[in-house]
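Written below as structure tokens is the structure these notes are about.
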Amino acid sequence: MRILFTNNTFDRPAGTELSAFDAIRRLKALGHEAAAFSRQLGEVAERLRALGAPVVDDLDDLPEGWTPEIVHGQHFWETSLAALRFPGTPVLSFCRGATPWQEAPCRAPNVAGHVAVDEDCRDRLVEEEGVAPDSITVVLNGVDADRFPPRPPLPEKPARALVFSNYAKPDNYFATIRAACAGEDIDCEALGVGMGNAVADPAPLLAGSDLVFAKGKAALEALVTGCGVIVCDEPGIGHLVTGSNLESLRRRSFGYSCMPDPVTAENVRRVVGEWRREACREAAETARRTATLEATVAALLAVYESTIDAWNRRADRPGPEAFHRWATGFFTENTHAFKLGREMQQIWREGMRLEPPIGAAEATAEMNRILHSFRQVEERIAKYESRLQQRDAKILNLKQKLRSRESGGHGDG
11 MRILFTNNTF
21 DRPAGTELSA
31 FDAIRRLKAL
41 GHEAAAFSRQ
51 LGEVAERLRA
61 LGAPVVDDLD
71 DLPEGWTPEI
81 VHGQHFWETS
91 LAALRFPGTP
101 VLSFCRGATP
111 WQEAPCRAPN
121 VAGHVAVDED
131 CRDRLVEEEG
141 VAPDSITVVL
151 NGVDADRFPP
161 RPPLPEKPAR
171 ALVFSNYAKP
181 DNYFATIRAA
191 CAGEDIDCEA
201 LGVGMGNAVA
211 DPAPLLAGSD
221 LVFAKGKAAL
231 EALVTGCGVI
241 VCDEPGIGHL
251 VTGSNLESLR
261 RRSFGYSCMP
271 DPVTAENVRR
281 VVGEWRREAC
291 REAAETARRT
301 ATLEATVAAL
311 LAVYESTIDA
321 WNRRADRPGP
331 EAFHRWATGF
341 FTENTHAFKL
351 GREMQQIWRE
361 GMRLEPPIGA
371 AEATAEMNRI
381 LHSFRQVEER
391 IAKYESRLQQ
401 RDAKILNLKQ
411 KLRSRESGGH
421 GDG
């Protein structure tokens, strides 16, 4: 099978980039062909190329004659570009985040289904985006257990903690966690982009940690390693992951909805106090047995195959007129965002060309001018987002009314 992956970047190692990397690596090992497309390439793109996967920032640069049988579409902009380039190919539109704008569904005529990585994403698609529930498949994240060897048995009391997040910085929530841990005689460090120490292989650092504060796939990697895990990130803190709550937390990807409380010293100490070695061990063993990359890729392949089969049997595949109407609406809807982005880019370029002011008064005046320009653009962005939210609310309301009528049995006659 030939699968084209899209993503907003294949640059630095991060959540969606690494999820795509792991899936492509596993698919290639199973004998499938996979290529990747993004307008922003970097480290992850080079790692994919080292696997033998074509990675392009222009879809016309794919190998000659290489046409995907299905598009694995992450992020609506890049997915939309791929849908336009391959109108005869079915597209699966993925949602990997309950709030980011990039995770909005693609609306192209050849979108043949939607995949959510957890229940929160599914709820977003149904409740906020108006996607039909029966078109959505939930495929949970999995971890390549071979990359994360099990650590030695946990101690009775944690001695070493790790905040595992790209959002952790020396002066934000990490400082609060570190101070609270110090009060419990627990050494605490952080790993991630915000700390300037991100690594391609975090396994050795996880193996040396008893307790890990993390969310999302990072939490799952720590669990598979055998660490005790507290669901936590900059927005909030949840609970210690145990055998009894693992499934419900995993079905929400250990995400923001699992972190109801603010990160305060009191809350950190309270949740650290939930530590139970046996409960952590049970969660880790269950995760290592069930949350595997093999299971995730098997589920993806099943969705690919059923989607391709249904697409090939369709007698009403969309034609050029459907794509013309959709493309016109798509680019009309995103015109303001494009123009605002260009304006911000122009302001940045002008700032890079400016000569440094000589005196304090000139420096202050120049700073005020730049701030004023940014504020004007920010105000326009806020107005644009408000209009989009109002429009989306109206569309969702109309769809809900339509469904209510249909479910109530109202017909034309």
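All residue numbers for the sequence shown refer to the working numbering, where the first residue is 11 and numbers rise by one. Think of the CB as a built atom: it goes at the ideal place given N, C-alpha and C, for glycine as much as any other residue. Predicted model only: the values in this text are computed from it and were never measured.
Length of the line joining the Cα atoms of residue i and residue j
i, j, result
"F15", "R117", "17 Å"
"A45", "R22", "18 Å"
"W87", "T338", "14 Å"
"E53", "M205", "18 Å"
"G98", "H42", "20 Å"
"V153", "A224", "15 Å"
"I196", "T296", "26 Å"
"P212", "L230", "13 Å"
"Q112", "L72", "24 Å"
"N378", "C198", "41 Å"
"E292", "A210", "28 Å"
"S219", "A171", "6 Å"
"V278", "P110", "27 Å"
"G75", "L135", "34 Å"
"R161", "A275", "28 Å"
"G423", "R415", "Residue placement at G423 is poorly supported in this model, since its pLDDT is 37, which falls under 50; the coordinates still yield a value, given next. Between G423 and R415, the C-alpha separation is close to 13 Å."
"T182", "E79", "Note on residue identity: the sequence assigns Asn, not Thr, to residue 182. Roughly 45 Å separates the two Cα atoms."
"H420", "D144", "Caution applies to H420, whose pLDDT of 45 falls short of 50 and renders its modelled position unreliable; the model cannot decide the point."
"L69", "R95", "7 Å"
"F340", "E353", "20 Å"
"P330", "R57", "37 Å"
"L28", "N17", "11 Å"
"E257", "R286", "18 Å"
"I357", "L91", "27 Å"
"I13", "D67", "16 Å"
"G351", "R49", "15 Å"
"R359", "A60", "35 Å"
"N207", "R335", "47 Å"
"L311", "A347", "35 Å"
"K179", "F333", "45 Å"
Three-state secondary structure assigned by DSSP to residue i
i, result
"R22", "coil"
"I318", "helix"
"V101", "strand"
"V66", "strand"
"A30", "helix"
"P272", "coil"
"V222", "strand"
"G206", "coil"
"R72", "The residue asked about is misnamed: residue 72 is Leu in this sequence, not Arg. Here L72 sits in coil by DSSP."
"N17", "coil"
"R324", "coil"
"I80", "strand"
"V121", "strand"
"V127", "coil"
"T374", "helix"
"V153", "strand"
"L381", "helix"
"L164", "coil"
"R49", "coil"
"R390", "helix"
"H420", "The predicted position of H420 is uncertain, since its pLDDT is 45 and thus under 50; a value taken from the coordinates is nonetheless stated next. Residue state, collapsed to three classes: coil."
Start and end residues, beta strand (DSSP E) containing residue i
i, result
"F86", "Run containing F86: none in the beta strand (DSSP E); it sits in the alpha helix (DSSP H), F86 to R95."
"V146", "First, the amino acid is wrong: residue 146 is Ile here, not Val. Residues I146 to V148."
"I247", "G246 to L250"
"D243", "G238 to D243"
"F174", "R170 to F174"
"A200", "D197 to L201"
Cβ distance (whole Å) where residue i is taken to contact residue j below 8 Å
i, j, result
"C290", "G238", "4 Å"
"V281", "L250", "6 Å"
"A63", "V81", "That belief does not hold up - the Cβ atoms of A63 and V81 are roughly 15 Å apart, past 8 Å."
"T317", "A122", "5 Å"
Neighbour flag for residue i against chain B, beta carbons, 8 Å
i, result
"E244", "The question asks about chain B, but that chain is absent: this structure has only one protein chain."
The alpha helix (DSSP H) enclosing residue i, as first and last residue numbers
i, result
"L215", "A213 to A217"
"H42", "Careful: H42 lies outside any alpha helix (DSSP H) and carries neither H nor E."
"V278", "A275 to V282"
"F340", "P330 to E343"
"A108", "Careful: A108 lies outside any alpha helix (DSSP H) and carries neither H nor E."
"Y183", "Y183 to G193"
"E292", "R287 to T300"
"L259", "L256 to R260"
Cβ-heavy atom distance, residue i to the ligand FMN, below 7 Å
i, result
"G140", "The ligand content of the structure shown is nil, which means the ligand FMN is not present either."
At a cut of 8 Å, does the stretch 234-247 reach the stretch 263-271 through at least three beta carbon pairs?
Because the criterion of three Cβ pairs below 8 Å is met, the stretch 234-247 and the stretch 263-271 touch.
Three or more beta-carbon pairs under 8 Å between the stretch 132-148 and the stretch 163-173, yes or no?
Result no; under three Cβ-Cβ pairs closer than 8 Å.
Would you check if the stretch 253-270 and the stretch 122-130 touch, i.e. whether three or more CB-CB distances between them fall below 8 Å?
These segments touch.
The stretch 183-197 in contact with the stretch 147-161 per 3-pair CB rule at 8 Å
Here the stretch 183-197 does not lie against the stretch 147-161, with fewer than 3 beta-carbon pairs under 8 Å apart.
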